[in-house]
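Chains as they are written, first to last, in our numbering: chain A, 1 to 142; chain B, 1001 to 1390.
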């Protein structure tokens, strides 16, 4: 396939390769993600039941309480955090969470171009995401 | 964003991890909102203190920050915790008290004043025109609108970072051009009590979103009534400030009006309970002022609280200590003046509270979800009538 390269903005520096988990809905880390297993528990969420651990988590932006930043930190300490965060529009809750948890993060990416299961490479120093491999079927976590 | 040499050194980690992480938070947020530099703040006020709302996630972060020599550079106050140690603390299990205490210990280690109130402006009024970094939305609206000090609506972590750096990025409400009113609200009915001011806030918050209104029709409103209005505006909206006593009118300005019926419907919507008798009568969201405590004392004087009813009045320790014999009079009637806690972030479910009557629109709005409680929303006098034996 022709490699797709998307260019955004650095929020937290870093570099990694991971499997994408893509949502069209905002995520609230407080109340929306189980801090004990990293699964999305928000009702009616398109990623309900999916685990964010080790993923390139792509979603439009965060919402909800600013305590959500601490939830990201806590997930990272338990090794349940996503490997990298890719947002359409960064918001304060996720930005602060990614900084304190030291999770690479970029924003200003058209996340509709990325599909769940794609293998992506994120260079969060330059704000670039490359889709290395497309995958059709959803893969589950753990 | 422009950083001074000293700020750059902090950003690069020369002053340790705690300072570096806090500087990173401020710089990234500043960039997000197109700030050009950091400005010094007079004080910071941090939310996210109650173990009930925080859960276990932040404890470790606060501990790491405190151990990495995170120290506040400016006067820094704290929002309420999840119980008061003297009365409710005794009814709660050890592990809850210990977890809450640990959070407070970390904040204390970093140099925070144990103010434990959502009304830090009663402890020390910020100077007019000064820049602050305050979380706690009700205090943000109050300070921008009534006290004339300037603050964005911070989140818990960003206010914490600002406290430790002593600065905040210069965007949003820190710029005069962003504090201009952009909508005119004409309230066409006269508000009779503090509960109606709260209801007005709930109604307007949904419509205004993050606009800055001039609100007409609030003649002779007291600061306590405006406190209820501001707290409610921030509950349903992203409103950071309002004007209430200026006559400025621009032809281009959007205009809306509020009729008696809008208010009536909002008041009704804030009560979810059927006719069951409330097990908690709660006054003090936001925390009571001295004036409010004195008024309550006068109204309950010589009367007795119903045996099966809890009657809580929440305020800061600072205000309680200054309220003279009012506290005694309230306690003699069977009420409790509880300090340092907030009912909506407290353990009401654990304590078996299922129905709450309150004069606070903010509490009435949040209690069904945060406390899984039914609510009755009514003005102070009616709340007291419910509390007291006839």
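Cβ atoms here follow ideal geometry from the backbone N, Cα and C, with glycine treated the same way.
Annotated as distal: residue 1234 (chain B) and residue 1317 (chain B), with beta-carbon spacing of 9 angstroms or more. Straight-line spacing of the CA atoms in residue 61 (chain A) and residue 81 (chain A) works out to 16 angstroms. In the structure shown, residue 1067 (chain B) adopts helical secondary structure according to DSSP, grouped into three states. Under the DSSP assignment, residue 100 (chain A) falls in the alpha helix (DSSP H) whose first and last residues are 92 to 101. Looking at the backbone, the Cα of residue 88 (chain A) and that of residue 47 (chain A) are separated by about 17 angstroms. For residue 26 (chain A), the CB contacts under 7 angstroms within the same chain, skipping 5 residues up- and downstream, are 59, 60, 61, 62, 63 in chain order. Residues of chain A with a Cβ closer than 8 angstroms to the Cβ of residue 1207 (chain B) do not exist; the shortest Cβ-Cβ separation is about 20 angstroms.
In its chain, beyond the 5 residues on either side, 1068 have a beta carbon closer than 7 angstroms to the beta carbon of residue 1017 (chain B). As summarised for the stretch 1119 to 1189 of chain B, the continuous alpha helix (DSSP H) elements at least 4 residues long and confined to that stretch are 1137 to 1142, 1156 to 1165, given in chain order. Those residues of the stretch 1144 to 1155 of chain B placed with their C-beta closer than 9 angstroms to a C-beta in chain A are 1154, 1155, ordered along the chain.
Only residues of its own chain outside the window of five on either side were considered, and among them 1131, 1167, 1168, 1170, 1174 have a CB closer than 7 angstroms to the CB of residue 1039 (chain B), listed in chain order. Looking at the backbone, the Cα of residue 1143 (chain B) and that of residue 1286 (chain B) are separated by about 13 angstroms.
Excluding the 5 residues flanking it on each side, residue 1106 (chain B) has same chain C-beta neighbours closer than 6 angstroms at 1062, 1063, 1066, in chain order. Scanning its chain for C-beta atoms nearer than 8 angstroms, with the 5 sequence neighbours on each side dropped, one finds around residue 1003 (chain B) the residues 1011, 1027, 1037, 1038, in chain order. Ranked by Cα distance from residue 1329 (chain B), the options B:1344, B:1363, B:1300 are led by B:1300. Minimum Cα-Cα distance from residue 1025 (chain B) among the listed residues A:121, A:118, A:113, A:91 corresponds to A:91.
Residues 1007, 1010, 1011, 1161, 1165 of the same chain have their beta carbon placed closer than 8 angstroms to that of residue 1023 (chain B), with the five preceding and five following residues left out of the count. Less than 9 angstroms divides the Cβ of residue 35 (chain A) from the Cβ of residue 78 (chain A). For a cut-off of 8 angstroms, the C-beta gap from residue 1309 (chain B) to residue 1262 (chain B) is around 32 angstroms, too long to register as a contact.
Residues of chain A with a Cβ closer than 8 angstroms to the Cβ of residue 1056 (chain B) are, in chain order, 35, 74. In the same chain as residue 1225 (chain B), and ignoring 5 residues on each side of it, the C-beta atoms closer than 6 angstroms to its own belong to 1194, 1197, in chain order. Across the stretch 1156 to 1178 of chain B, CB contacts with chain A closer than 7 angstroms involve 1156, 1157, 1158, in sequence order along the chain. Counting C-beta pairs closer than 8 angstroms gives fewer than three between the stretch 1360 to 1367 of chain B and the stretch 1087 to 1105 of chain B, which falls short of the contact rule.
Of all C-beta pairs linking the stretch 1046 to 1056 of chain B to the stretch 1088 to 1095 of chain B, fewer than three are shorter than 8 angstroms, placing the two stretches out of contact. Nearest to residue 121 (chain A) by C-alpha distance, out of A:8, A:7, A:2, A:15, is A:15. For residue 1053 (chain B), the C-beta contacts it makes with chain A under 9 angstroms involve 30, 65, 67, in order along the chain. For residue 7 (chain A), no CB of chain B lies under 9 angstroms from its own CB, so it is not counted at the interface with that chain.
Taking residue 1137 (chain B) as the centre and dropping the five residues before and after it, the same chain places the C-beta of 1153, 1234 closer than 6 angstroms to its C-beta, in chain order.
Here the stretch 1108 to 1124 of chain B lies against the stretch 1071 to 1078 of chain B, with 3 or more beta-carbon pairs under 8 angstroms apart. Excluding residues up to 5 positions away in sequence, 83 lie with their Cβ nearer than 6 angstroms to the Cβ of residue 54 (chain A) in the same chain. In chain order, 1081, 1082, 1345 place their CB closer than 6 angstroms to the CB of residue 1050 (chain B), counting only its own chain and leaving out the 5 sequence neighbours on each side.
When 7 angstroms is used as the limit between beta carbons, residue 1060 (chain B) is near these residues of chain A: 74, 77, in chain order.
For residue 125 (chain A), no alpha helix (DSSP H) encloses it, and the DSSP letter there is neither H nor E. Taking the Cα of residue 1303 (chain B) as reference, the smallest distance to any Cα among B:1199, B:1348, B:1113, B:1389 is reached at B:1389. Residue 1355 (chain B) sits close to residue 1273 (chain B), with the two beta carbons spaced by under 9 angstroms. Under DSSP, residue 1238 (chain B) shares a beta bridge with no residue.
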